[in-house]
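Undergrad: Here it is, the structure in full.
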Amino acid sequence: MLIGGGISKEGSNLIDRLNGLVQTQVYCKDVPQTKIRVAQLGNDAGIIGAAMLYRQTDI
8 MLIGGGISKE GSNLIDRLNG LVQTQVYCKD VPQTKIRVAQ LGNDAGIIGA
58 AMLYRQTDI
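Here the sequence shown stands for residues 8 to 66, numbered as in my numbering.
Next comes the structure, spelled out in structure tokens:
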């Protein structure tokens, strides 16, 4: 799972806590553990996605 947007600026403080919480909520040990990470695009993901969508349209 990826965390993006403004909240992603919290970095490891948030990610470490979330990963710890996820580990306590394991319901099926046969399924790989979900890992939470910060999205590479961070807070810019929305604007980059909008720009890419615009480039794909015939406006």
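Note that the Cβ used here is the ideal one computed from N, Cα and C, for glycine as well.
Could you give the DSSP three-state label for L9: helix, strand or coil?
TA: strand
Undergrad: Check V125 in the structure and name its three-state DSSP category.
TA: Residue 125 lies beyond the range of the chain shown here (8 to 66); nothing can be said about it.
Undergrad: Assuming A46 contacts A52 (C-beta within less than 8 Å), just tell me the rounded distance between them.
TA: 6 Å
Undergrad: Go ahead and label S19 buried or exposed: buried means 16 or more other beta carbons lie within 10 angstroms of its beta carbon, across all protein chains shown.
TA: exposed
Undergrad: Measure the alpha-carbon distance for Q40 versus L60 and round it to whole angstroms.
TA: When only Cα atoms are considered, Q40 and L60 end up about 33 Å apart.
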